[in-house]
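Undergrad: Residue numbers (our numbering), protein chains in the order written: chain H, 1 to 331; chain V, 332 to 662. Even for Gly, the Cβ is constructed at its ideal location relative to N, Cα and C.
Protein chains: 2
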Amino acid sequence: MDETITLAHGNGGRRMRALIEQVFAARLGQPDTQADAAPITLPEGEVLVTTDGFTVQPVTFPGGDIGALAVHGTVNDLAVSGATPLYLTLAAMIEEGFPLALLEEIVASLAAAARAAGVRVVAGDTKVLPRGQGGGIYFTLTGIGVRPRGCALGIGAIRPGDKLLVSGPVGDHGVAVMLAREAFGLRGDVRSDAASVLPLTGALLPLPGLRFMRDATRGGLATVAHEIALGTGHGLLLEEEAIPVRESTRAVCAMLGYDPLYLACEGRVLAVLAPETAEAALAAWNSLPDGKAAALIGTVGADPGPVTMRTPIGGLRILPELEEDALPRIC
Amino acid sequence: MDETITLAHGNGGRRMRALIEQVFAARLGQPDTQADAAPITLPEGEVLVTTDGFTVQPVTFPGGDIGALAVHGTVNDLAVSGATPLYLTLAAMIEEGFPLALLEEIVASLAAAARAAGVRVVAGDTKVLPRGQGGGIYFTLTGIGVRPRGCALGIGAIRPGDKLLVSGPVGDHGVAVMLAREAFGLRGDVRSDAASVLPLTGALLPLPGLRFMRDATRGGLATVAHEIALGTGHGLLLEEEAIPVRESTRAVCAMLGYDPLYLACEGRVLAVLAPETAEAALAAWNSLPDGKAAALIGTVGADPGPVTMRTPIGGLRILPELEEDALPRIC
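(1) Of all Cβ atoms in chain V, is any one closer than 8 Å to the Cβ of Ile313 (chain H)?
(2) Please identify, using Cβ separations under 7 Å, the residues of the stretch 249-267 of chain H that lie next to chain V, in order along the chain.
(3) Spell out the partners DSSP gives Ala624 (chain V) in its beta bridges.
(4) What residues in its chain sit with their C-beta under 7 Å from that of Ile155 (chain H), if we drop five residues either side in the sequence?
(5) Taking three-plus beta-carbon pairs below 8 Å as touching, is the stretch 273-291 of chain H in contact with the stretch 134-152 of chain H?
(6) Mind reading off the beta-carbon distance from Pro58 (chain H) to Ala180 (chain H)? Whole number of angstroms is fine, and I expect it under 8 Å.
(7) For Asp456 (chain V) and chain H, any beta-carbon pair shorter than 8 Å?
(8) Can you tell me whether DSSP reads Arg250 (chain H) as helix, strand or coil?
(9) Between which two residues does the beta strand (DSSP E) holding Ala423 (chain V) run?
(10) Which first and last residues belong to the beta strand (DSSP E) in which Val15 (chain H) is found?
(11) By the three-class DSSP mapping on this structure, what secondary structure does Leu604 (chain V) have?
(12) Take Val600 (chain V) as the anchor and find which of V:Pro575, V:Leu517, V:Thr382 has the nearest alpha-carbon.
(13) Got a sec, what are the start and stop residues for the beta strand (DSSP E) Ile318 (chain H) sits in?
(14) My output table needs one value for Ile468 (chain V): the three-state DSSP class, helix, strand or coil.
(15) Which residues, in chain order, does the stretch 378-390 of chain V contribute to contact with chain H at a C-beta distance below 7 Å?
(16) Look at the alpha carbon of Ser81 (chain H) and the alpha carbon of Gly45 (chain H), and state the distance between them as a whole number of angstroms.
(17) Would you please verify whether the beta carbon of Met93 (chain H) is less than 8 Å from any beta carbon of chain V?
(18) May I have the straight-line CA-CA distance separating Ala194 (chain H) from Leu650 (chain V), to the nearest angstrom?
(19) Val406 (chain V) CB to nearest chain H CB: under 8 Å?
(20) Pull out every residue of the stretch 606-639 of chain V whose Cβ sits closer than 7 Å to any Cβ of chain H, in chain order.
(21) Counting Cβ pairs, one atom from each stretch, are 3 or more of them under 8 Å apart for the stretch 521-541 of chain V and the stretch 587-598 of chain V?
(22) Using a Cβ-Cβ distance under 8 Å, would Ile486 (chain V) count as near chain H?
(23) Indicate, with yes or no, if the ligand NAP has a heavy atom lying under 7 Å from the CB of Val175 (chain H).
(24) What whole-angstrom Cβ distance do His234 (chain H) and Gly132 (chain H) have, given they're in contact under 8 Å?
(25) Check whether the Cβ atoms of Arg246 (chain H) and Asp172 (chain H) sit closer than 8 Å, and answer yes or no.
(26) Rounded to the nearest angstrom, how far is the Cβ of Asp52 (chain H) from that of Asp456 (chain V), given a contact under 8 Å?
(27) What ranges does the beta strand (DSSP E) occupy inside the stretch 123-168 of chain H, keeping only unbroken runs of at least 3 residues that lie completely in it?
(28) Can you name the start and end residues of the beta strand (DSSP E) that Pro312 (chain H) belongs to?
(29) May I ask you to report which of helix, strand or coil DSSP gives Arg599 (chain V)?
(30) Are the beta-carbon atoms of Leu282 (chain H) and Leu296 (chain H) separated by less than 8 Å?
(31) Is the Cβ-Cβ distance between Arg549 (chain V) and Gly97 (chain H) less than 8 Å?
(32) Does the beta carbon of Leu409 (chain V) sit closer than 8 Å to a beta carbon anywhere in chain H?
(33) Measure the Cβ-Cβ separation of Leu236 (chain H) and Pro306 (chain H) and say whether it is below 8 Å.
(34) So the candidates are H:Ala284, H:His226, H:Ile313, H:Asp303; which of them puts its Cα closest to the Cα of Glu323 (chain H)?
(35) Mind checking if Asp36 (chain H) is an interface residue toward chain V, Cβ cutoff 8 Å exclusive?
(36) Whole angstroms is fine: what's the gap from Glu435 (chain V)'s alpha carbon to Ile336 (chain V)'s?
Structure (structure tokens):
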């Protein structure tokens, strides 16, 4: 094998076949690399589909890499929808010159994350981008899962008075990736929160008062709050003091002028719950490793909308919808 | 709306929402842009999944553009597997600075191709790549389809003595894209063959002697021949005189030193048939607009393997497996 990716690894010929068999198929449990389309078997239930592109730069960062991130990001979209993720497809766009050893490391990490989440990669595609037309490596994953029929989870199920529960400290992924770029001359000990949220979502699904879940990714917690306000037509009131933010993340944000509420997470869930279920949900999450810092952070149905935050001294601050992109290629 | 794509169109905030609603959702029949995952309904049968990345450069070319090409390429992988394509997911990676009007044109073309093929785009994702880290626009599509249970199509069904049938002239897509680059100072009248092959595959599926179909894409007809030889362990003998190649494509290839058998097609199918079915299959294709030039071009089970071609004067030429990439970003 070569030491870096060449255009010939994407041309459909012998070297592409070798790359796919030796790097991808070998680690991903030998999916059939000969077929145009892969058969899948689906259990009884409602089938859900999601797709996501991953462009994070750098491709490895404290707490993760683009391979594991891609699996988690895709699996999490199914998890928050109440589905059991079952299958993934994987399309890679690799820039000419990308180191083969790094590709192997990333694919191994992707495969491990898929195994841990109980999903199988059943189909794939590889394209090589000429030097200068890619940014190292990009992945697009599509996830297929199944949830029980009649699942009532959704933005439409949210009612005024419902409580907002977040599963852990927000903004760590954004800060970890930013620091890994070293563009700021800073070094910190913040690790990405990138993880499968299946344990978190699984713990809440049996609760009858669960209305809606969403993983806070691009645009952070504030963006999910806006999506809920927009989808329900109700204002949201957040309690600033209640929102968990790691001290180190807060310090980096203060130094650089970022607001952690707008920074990407990749393993945090915002759940909306009927008031009578909120404490049980909080207890369920607090008992999990990834939910120890979970907190009730606000209420649906506030004036003025769409998203308002009560500050520690009791003032009200409007949280605007995200405008300019603080951090491109964060996920 | 802005005139070009900015980083803010990919940040999860207001401008990304506007882009998705005004450019994508409006043309793609208003899929639910609020959900993390989309529910789909599947009829009885075996479910098939396929995924493909599209990076063609330039993004428009005679006979097509990256939007229609992406739909056709994905739908065709399901079609040659004997499946009815039903759903697509669409992930876009757009480079900062990409003209919004061109994006709208491409998405309209993608939507029209999807409608014509009878598939619905049910989920999507948009990422913006900083200037210099993308190549204009890249798409990744995943297709989901269903075929009758017990479908015996596959490379494993191929037997020695089976006949090879190609649906039309090969290499047009590769030449059309190459000429559209104007990198060669050439202008030609070759149009891409990019198209849905559903009418072609549908015409053969009822024939009992149909063993296998594949659309010839990257690496061209010669690469599909090698895949069949590799998958069956039998050599293939092709008849050079029988292989349809358009005169204009042949002329460009002769001038530039390309072999049309290795150039990409995006709307041609190679079918393998039991000998007693071959003539009926040829007649079925010849009666279709995209199959008028269909031809029986060879036989499975030849010495020496893997792929040999009989020249017009009766000599035998070995067709090697594709090594170097003649044309990157061709699909």
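TA: According to the data block:
(1) By the rule that beta-carbons nearer than 8 Å mark a contact, Ile313 (chain H) does not touch chain V.
(2) Hits within the stretch: zero.
(3) Beta-bridge pairing links Ala624 (chain V) to no other residue.
(4) Same-chain partners within the cutoff: Phe212, Ile228, Gly231, Thr232.
(5) Output reads no: the stretch 134-152 of chain H does not touch the stretch 273-291 of chain H.
(6) By a beta-carbon distance limit of 8 Å, Pro58 (chain H) contacts Ala180 (chain H). Their separation comes to about 5 Å.
(7) Closer than 8 Å: yes.
(8) In the structure shown, Arg250 (chain H) sits in a helix (DSSP, three-state: H, G or I).
(9) Segment 415-426, the beta strand (DSSP E) holding Ala423 (chain V).
(10) Inspection of the sequence shows that residue 15 (chain H) is occupied by Arg rather than by Val. First-last for Arg15 (chain H): 14-19, but that is the alpha helix (DSSP H), not the beta strand (DSSP E).
(11) Note: Leu604 (chain V) maps to strand in three-state DSSP.
(12) Closest option to Val600 (chain V), judged by alpha-carbon separation, among V:Pro575, V:Leu517, V:Thr382: V:Pro575.
(13) Per DSSP, Ile318 (chain H) belongs to the beta strand (DSSP E) from 316-318.
(14) In the structure shown, Ile468 (chain V) falls within a strand segment according to DSSP collapsed to helix, strand and coil.
(15) If the cut-off is 7 Å between Cβ atoms, the stretch 378-390 of chain V has Val378, Leu379, Val380, Thr381, Thr382, Asp383, Gly384, Thr386 near chain H.
(16) Each residue's alpha carbon lies about 13 Å from the other.
(17) Taking Cβ atoms only, chain V reaches closer than 8 Å to Met93 (chain H), which makes this a yes.
(18) Looking at the backbone, the Cα of Ala194 (chain H) and that of Leu650 (chain V) are separated by about 48 Å.
(19) Put simply, the CB of Val406 (chain V) is far from chain H, with every gap to its CB atoms at 8 Å or more.
(20) So the list is empty, because no residue satisfies the distance condition.
(21) A contact is defined here as three or more CB-CB pairs under 8 Å, and the stretch 521-541 of chain V meets this definition with respect to the stretch 587-598 of chain V.
(22) Interface residue, yes.
(23) This structure simply doesn't include the ligand NAP, nor any ligand for that matter.
(24) About 48 Å separates the beta carbons of His234 (chain H) and Gly132 (chain H), which is beyond the 8 Å limit, so they are not a contact pair.
(25) Yes, they are a contact pair.
(26) Going by Cβ atoms, the distance from Asp52 (chain H) to Asp456 (chain V) rounds to 5 Å, so yes, they are a contact pair.
(27) Listed in chain order, the complete beta strand (DSSP E) runs (minimum 3 residues) inside the stretch 123-168 of chain H are 137-147, 163-166.
(28) Careful: Pro312 (chain H) lies outside any beta strand (DSSP E) and carries neither H nor E.
(29) Under the three-state reduction of DSSP output, Arg599 (chain V) falls in the coil class, being neither helix nor strand.
(30) Yes.
(31) For Arg549 (chain V) and Gly97 (chain H), no; Cβs fall outside 8 Å.
(32) Taking Cβ atoms only, chain H reaches closer than 8 Å to Leu409 (chain V), which makes this a yes.
(33) Yes, they are a contact pair.
(34) When only C-alpha atoms are compared, the closest one is H:His226.
(35) Interface residue, yes.
(36) Approximately 11 Å between the Cα atoms of the pair.
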